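Each remark here refers to the structure printed beneath this line.
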Amino acid sequence: MIALDTNVLVRLVLQDDETQARAAERLVVKARREQTHLFVADVVWCELVWVLTRRAGLSRDDIAAALDQLLRTELIVVAAPAVIERSLAAYRKGKGDFADYLVREQARAIDAGDVVTFDRALKGEDGFRVI
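Count along the sequence shown from 1, then add 9; that gives the number in the numbering used here.
Here is the structure:
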């Protein structure tokens, strides 16, 4: 198994640096050929969404579609698939950032209560308590 850094996924999604994008694609092709899984850590998903939002200016729908596509890649492995999927579903329709929903879903997975936050955008969202 190979762990991927955020910048590799950014190049795959944005194709904004031809040399790095081709190198990332070669890595995926080789992994597919050798049946090597590609691990994507939770923090990498958060960083990827941040880059796609803040640096690339992609819409929430486009970002969600890109994450869906990556998650459907049979070689991609995540620590807790159901947590990532629920986080992405909430991100699609919610007002918060992907990281907010990931924190909430991780908290729920360990039976924690609401996520306490100062983020007013999350007011009224299930699982958050704005203070």
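Yeah, the Cβ is synthetic: ideal placement off N, Cα and C, and Gly gets one too.
Being a predicted model, the structure only gives us computed values, none of them experimental.
Is DSSP giving residue i helix, strand or coil here?
i	result
Val49	coil
Val87	coil
Ala65	coil
Ala146	The structure shown does not extend to residue 146, since the chain is modelled only from 10 through 140, so no value can be given for it.
Just the Cα atoms here: how many angstroms apart are residue i and residue j?
i	j	result
Val87	Tyr110	16 Å
Ala40	Leu84	8 Å
Asp25	Asp128	32 Å
Glu56	Leu131	20 Å
Thr28	Asp120	45 Å
Arg63	Thr45	31 Å
Arg35	Val53	20 Å
Ala30	Ala65	15 Å
Glu134	Ile140	13 Å
Ala91	Val17	23 Å
Below 8 Å between beta carbons: does that hold for residue i and residue j?
i	j	result
Arg117	Gly136	yes
Leu23	Val49	no
Leu67	Leu76	no
Arg138	Glu114	no
Val125	Val112	no
What are the boundary residues of the beta strand (DSSP E) that includes residue i?
i	result
Thr126	124-126
Arg138	137-139
Identify the continuous alpha helix (DSSP H) that holds residue i and give its terminal residues.
i	result
Arg31	27-43
Val112	107-118
Could you check how far apart the C-beta atoms of residue i and residue j are, in whole angstroms? I think they sit under 8 Å.
i	j	result
Arg20	Ala33	5 Å
Ile72	Leu80	Ile72 to Leu80, Cβ: 12 Å. No contact.
Phe107	Val38	Their Cβ separation, rounded to whole angstroms, is 28 Å, which puts Phe107 and Val38 out of contact at 8 Å.
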